[in-house]
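K.L.:
Top line first, the protein sequences correspond to chains A and B. Be aware that the first sequence starts at 1, since it is given in my numbering, and climbs by one per residue. Be aware that the second sequence starts at 231, since it is given in my numbering, and climbs by one per residue.
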Amino acid sequence: MSETAYHRLSLALFALGVFLVLIAWYQVFVVVPTERTMGVIQRIFYIHLPSAFVAFFAFFVVFVASVAYLLTRRLRWDWVAASAAEVGIVSCIAVLITGPIWAKPVWGMWWTWDARLTSTLVLFLIYMGYLLLRHYVDESDRRARLAAVFGILGFVDVPIVYMANRWFRTQHPQPVIAGGEGSGLDPQMWIGLLWCVAAMFTWNIFLFVQRYRLERTREEFIELARRARV
Amino acid sequence: MDTLRASLAIFRKDLLAERRTKDVSTAILLFGFTVAVSFAFAFDPTSDEARRIAGGLLWLSFLFASLLGLNRSFARETANDCLQGLRLMPVDLGSIYLGKLLSNLLFMLAAELVLLPVFNIFFNLNLFERPGWLALILLLGTWGVASLGTIFSAVSANTRMRELMLPMLLLPLTIPVLIAAIESTTILLRGLPMREAELWIKLLAGFDVIFTVLAWLLFDSVVQE
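(1) If you compare alpha carbons, which of Phe206/A, Ala225/A and Arg43/A is closest to Pro105/A?
(2) Excluding sequence positions up to five away, which residues of its chain have a Cβ less than 6 Å from the Cβ of Phe206/A?
(3) For Leu345/B, which residues in the same chain have their Cβ closer than 6 Å to its Cβ, ignoring the five residues on either side in sequence?
(4) Just grab the DSSP bridge partners of Gly39/A for me.
(5) Taking CB distances under 9 Å as the criterion, tell me whether Ile240/B reaches chain A.
(6) Indicate whether the contact test is met: 3 or more Cβ pairs, each with one atom in the segment 296-311 of chain B and one in the segment 212-222 of chain A, closer than 8 Å.
(7) Start and end of the alpha helix (DSSP H) containing Tyr46/A?
(8) Arg134/A: buried (16+ other C-beta within 10 angstroms of its C-beta) or exposed?
(9) Kindly list, in the order they appear in chain B, the residues whose Cβ is closer than 8 Å to that of Asp78/A.
(10) Note down, in chain order, each residue of its chain lying with its Cβ closer than 6 Å to the Cβ of Val62/A, except the 5 sequence neighbours on either side.
(11) List, in order along the chain, the chain A residues whose C-beta lies closer than 7 Å to that of Pro406/B?
(12) Out of curiosity, what's the CA-to-CA distance linking Leu448/B and Ala164/A?
(13) Which of helix, strand or coil does DSSP assign to Gly231/A?
(14) Output the distance between the C-alpha atoms of Ser2/A and Arg143/A, rounded to the nearest integer angstrom.
(15) Taking Tyr69/A as the reference, which of Leu11/A, Ala148/A, Ser91/A and Ser51/A has the closest Cα?
(16) Are the Cβ atoms of Gly192/A and Val54/A separated by less than 9 Å?
(17) Taking Cβ positions, are Ser459/B and Ser237/B nearer each other than 9 Å?
(18) May I ask which residues mark the beginning and end of the alpha helix (DSSP H) holding Ala427/B?
(19) With C-beta atoms as the reference, is Pro402/B less than 9 Å away from Gly108/A?
(20) Please return the same chain residues whose Cβ sits closer than 7 Å to the Cβ of Phe353/B, not counting the five positions on each side in sequence.
(21) Please report how far the alpha carbon of Leu369/B lies from the alpha carbon of Ala435/B, in whole angstroms.
(22) Using three-state DSSP, classify Glu455/B as helix, strand or coil.
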């Protein structure tokens with residue numbers, strides 16, 4: 001794809017993203033009914049859950065791109081993995097920040113070592129390690145290889161971390177758990193949630209494309225600089 | 231068959247190097263010992279509390295001590311381009327992983343065997359009441375750390391911040407091993423029936439098999455130029 005095509009794609013995604021975010025805000029602050037027991041704070045759920053979706057999806061993309069890189073050895077797969085990891089980590093941080101803000105008034109504490117919370121935190125640590133690894137290798141081919149190996153091992157580890165934590169914590173007394181939140185969702189809430197998911201995904205795809213362009217340009221620059229030196 | 235022979239050759243090479251330098255074993259032992267002593271200041275080591283938390287202290291000091299040994303595993307190959315020499319062997323590159331895994335496992339287990347009595351005395355435990363189970367937990371837990379530790383040692387040897395990189399990569403991924411090993415050791419220490427540890431021991435075995443196979447498959451991509 002040419003640079004002009006990327007530019008047009010970015011403009012389109014940006015416009016769509018802004019449009020969807022405005023609708024999503026309108027939904028969250030005006031349309032959606034207030035939850036009876038939790039009150040207004042429950043509305044943070046419309047940011048929290050879509051962010052979690054985006055983060056998990058982004059880390060899945062890192063895994064797929066890592067496999068694709070090792071099979072094809074084409075650097076563009078490495079750019080996909082790097083960009084997805086960065087977008088994912090930002091969403092993961094959003095999850096980890098909005099979660100405690102909601103939990104403090106509802107559970108009465110900022111944090112509990114519940115399986116889902118712990119796994120998300122470990123997910124954050126794994127992909128911070130991934131980004132750190134990329135940061136400390138200079139050569140692009142070597143960086144791509146090492147990062148791909150870690151991207152695969154890290155992703156396979158995630159379900160095991162989740163299982164280990166679930167078995168670990170279910171053997172101990174648990175603090176209050178939000179029982180079956182998905183089961184009783186009001187139709188209006190569903191619509192609001194879907195708008196938020198659409199907005200969050202579009203916005204993050206926009207960020208992803210920008211990040212990918214940057215990586216592409218950087219590689220081009222390195223190549224040109226090398227040729228200029230020769 | 232060639233893979234196995236090459237792996238054993240690398241294993242023997244590591245043993246020989248270790249016998250002459252004693253780099254890794256002294257580091258693991260002394261560091262593990264120091265950590266064990268430091269833990270004694272974190273709580274009252276003679277109380278009943280010891281039995282409840284000693285499993286965690288034991289595995290944390292093993293893990294931290296192992297990081298030192300694992301760091302050396304591939305770092306020592308960077309001097310004089312030794313890794314280049316290994317890479318030129320006319321065998322499957324995965325055999326480097328298997329050989330290194332074996333030697334790391336052996337060094338770690340040997341250090342743990344020396345540290346166990348120290349823990350037993352200092353924290354007033356009953357570690358050796360069921361030696362069979364202890365050996366099984368020790369083997370599976372250490373293998374779990376070594377399986378990922380060996381490949382990450384090769385990964386981090388390729389980066390600028392070698393010493394920082396290994397723990398940053400290894401610790402988050404070995405959390406399941408840590409949980410399972412600590413839980414089963416605590417069940418052992420508290421004298422509970424080992425049936426309760428069945429799930430954890432299965433988790434350890436599963437983790438070990440999955441990551442040994444996966445790391446072996448992926449290892450070529452780490453060392454090739």
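Quick reminder that beta carbons are idealized off the backbone N, C-alpha and C, glycines included. All values reported here derive from a predicted model rather than from experimental measurement.
P.N.:
On the basis of the supplied data:
(1) Arg43/A
(2) Leu13, Phe14 and Gly17
(3) Gly262
(4) Glu35/A
(5) no
(6) no
(7) Phe45 to Thr72
(8) buried
(9) Those within 8 Å of Asp78/A in chain B number zero; the least Cβ separation is about 12 Å.
(10) Ala81, Ala84, Ala85 and Gly151
(11) Ile160, Val161 and Ala164
(12) 24 Å
(13) Nothing about residue 231/A can be reported from this structure: the residues present for chain A run from 1 to 230 only.
(14) 25 Å
(15) Ala148/A
(16) no
(17) Residue 459/B lies beyond the range of chain B shown here (231 to 455); nothing can be said about it.
(18) Careful: Ala427/B lies outside any alpha helix (DSSP H) and carries neither H nor E.
(19) no
(20) Pro275, Ala280 and Ala284
(21) 10 Å
(22) coil
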